[in-house]
Amino acid sequence: NAGVTQTPKFQVLKTGQSMTLQCAQDMNHNSMYWYRQDPGMGLRLIYYSASEGTTDKGEVPNGYNVSRLNKREFSLRLESAAPSQTSVYFCASSSQTGAPYEQYFGPGTRLTVT
Amino acid sequence: RKEVEQDPGPFNVPEGATVAFNCTYSNSASQSFFWYRQDCRKEPKLLMSVYSSGNEDGRFTAQLNRASQYISLLIRDSKLSDSATYLCVVNGGTNAGKSTFGDGTTLTVKP
Chain A
20 NAGVTQTPKF QVLKTGQSMT LQCAQDMNHN SMYWYRQDPG MGLRLIYYSA SEGTTDKGEV
80 PNGYNVSRLN KREFSLRLES AAPSQTSVYF CASSSQTGAP YEQYFGPGTR LTVT
Chain B
-18 RKEVEQDPGP FNVPEGATVA FNCTYSNSAS QSFFWYRQDC RKEPKLLMSV YSSGNEDGRF
42 TAQLNRASQY ISLLIRDSKL SDSATYLCVV NGGTNAGKST FGDGTTLTVK P
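These protein sequence lines are chains A and B, in that order. Heads up, our numbering is the position in the first sequence plus 19, with the first residue counted as 1. 73 is the number that our numbering gives to position 92 of the second sequence; each next residue is one higher, with no gaps.
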């Protein structure tokens, strides 16, 4: 049982390059989330998916797109990276039953855009 | 005004001390409340959910005050290993799937 996994762990991009961050969970959770965390700050929600087939914008969606590929996988795409997107990106998942909204996080992707 | 506000600290306490953190939230329709712990450069980990009646887990006690819209976390008999950033999280309102994190309170426990 790996929980939530993210790839890659580290990435350096040049301004204007694109990339996709991958996230997968094996806990059979319905909901999945993408956050970014800038130095010394809390987590800000980029996008979330309440269930397979649905996605909604969070607090800071501009410059990002997401795909809920299936129940397990939720990817985050940067189409044209900018230095302001330098951050640590965390994926999380949660159940909607039992202990709803208790989120479990992946180890993060540290992204630097130069 | 931020939706979820925490005192950033830092709180520097000696081992064995009792320390309390507060967190206020602005959305009165919020339904679920949590405390997470985040170690330096690591992912947040769920510490405990906060229930209306209050709840305790070992040295940790969480309280919810809906009337005043704040939650609290009390840590008794602090250990060196409690040093971390503690994040307050609020869910619910019109969009139950959306979580809002506070910026965190940093705790350092010293020998």
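Beta carbons are placed, not taken as given, at the ideal position from N, Cα and C, and that holds for glycine. None of these values were measured; they are calculated from a predicted model.
Task: CA-to-CA distance, serine 99(A) to valine 0(B), given in whole angstroms - done: Valine 0(B) and serine 99(A) have their C-alpha atoms some 45 Å from each other.
- [ ] Show which residues of chain A have a CB atom less than 7 Å away from the CB atom of aspartate 84(B).
- [x] Simply Met60 and Gly61.
Task: Min CB distance glycine 72(A) to chain B below 7 Å - done: Contact of glycine 72(A) with chain B is not assigned, every C-beta pair being separated by 7 Å or more.
Open item on the list: serine 59(B) and glutamate -4(B) - do their beta-carbons sit closer together than 7 Å?
Closed with: Remark: C-beta atoms of glutamate -4(B) and serine 59(B) approach each other more closely than 7 Å.
Open item on the list: Please list, in chain order, the chain B residues whose beta carbon lies closer than 8 Å to that of proline 126(A).
Closed with: What proline 126(A) touches in chain B: Lys23 and Glu24.
Open item on the list: For methionine 51(A), list the residues DSSP reports as bridge partners.
Closed with: Ser68(A) and Ser112(A), per the DSSP bridge assignment.
TODO: Work out the CA separation of glycine 125(A) and alanine 21(A) for me, nearest whole Å.
DONE: Going by the C-alpha atoms only, they are around 10 Å apart.
Task: Contact with chain A by leucine 45(B), beta-carbon distance below 7 Å - done: No, no contact with chain A.
Task: Cβ neighbour criterion (16 or more within 10 Å) applied to arginine 40(B) - done: Burial call: exposed.
Open item on the list: Using the Cβ count rule (16 or more neighbours within 10 Å means buried), how would you classify threonine 39(A)?
Closed with: It is exposed - the Cβ of threonine 39(A) has fewer than 16 other Cβ atoms within 10 Å.
Task: Start and end residues, beta strand (DSSP E) containing tyrosine 6(B) - done: 0 to 6 is the span of the beta strand (DSSP E), which, as asked, contains tyrosine 6(B).
Task: Of the listed residues Leu88(B), Gln12(B) and Asn8(B), nearest to serine 62(B) (C-alpha basis) - done: Considering only alpha carbons, the answer is Leu88(B).
Open item on the list: Between glutamate 92(A) and chain B, is any beta-carbon pair separated by less than 7 Å?
Closed with: Judged by the 7 Å Cβ criterion, glutamate 92(A) is not in contact with chain B.
- [ ] Flag this pair as yes or no: are the beta carbons of glutamine 104(A) and alanine 111(A) separated by less than 7 Å?
- [x] For glutamine 104(A) and alanine 111(A), no; Cβs fall outside 7 Å.
Task: Test: asparagine 36(B) CB closer than 7 Å to a CB of chain A - done: Output row for asparagine 36(B): interface = no.
TODO: Whole angstroms is fine: what's the gap from asparagine 84(A)'s alpha carbon to arginine 57(B)'s?
DONE: Near 44 Å, if we compare the C-alpha coordinates of arginine 57(B) and asparagine 84(A).
Open item on the list: By alpha-carbon positions, which one of Pro92(B), Leu28(B), Thr86(B) and Lys91(B) ends up nearest to valine -15(B)?
Closed with: The shortest C-alpha separation from valine -15(B) is found at Thr86(B).
TODO: With a 10 Å radius around its C-beta and 16 neighbouring C-beta atoms as the bar for buried, classify cysteine 69(B) as buried or exposed.
DONE: Buried: at least 16 other Cβ atoms inside 10 Å.
Task: Chain-order list of residues whose beta-carbon lies under 8 Å from that of alanine 69(A) (same chain, five-residue window excluded) - done: Short of 8 Å from the beta carbon of alanine 69(A), and not among the five residues preceding or following it, lie these beta carbons of its own chain, in chain order: Asn49, Ser50, Asp75 and Gln115.
Task: Residue range of the unbroken beta strand (DSSP E) whose run includes glycine 39(B) - done: Counting along the chain, glycine 39(B) falls outside any beta strand (DSSP E), and DSSP gives it neither H nor E.
Open item on the list: Quick check: serine 53(B) and asparagine 3(B), are their CB atoms within less than 7 Å of each other?
Closed with: Taking 7 Å as the Cβ cut-off, serine 53(B) and asparagine 3(B) qualify as a contacting pair.
Task: Which residues DSSP lists as bridging arginine 18(B), in chain order - done: Arginine 18(B) is bridged to Lys26(B) and Tyr67(B).
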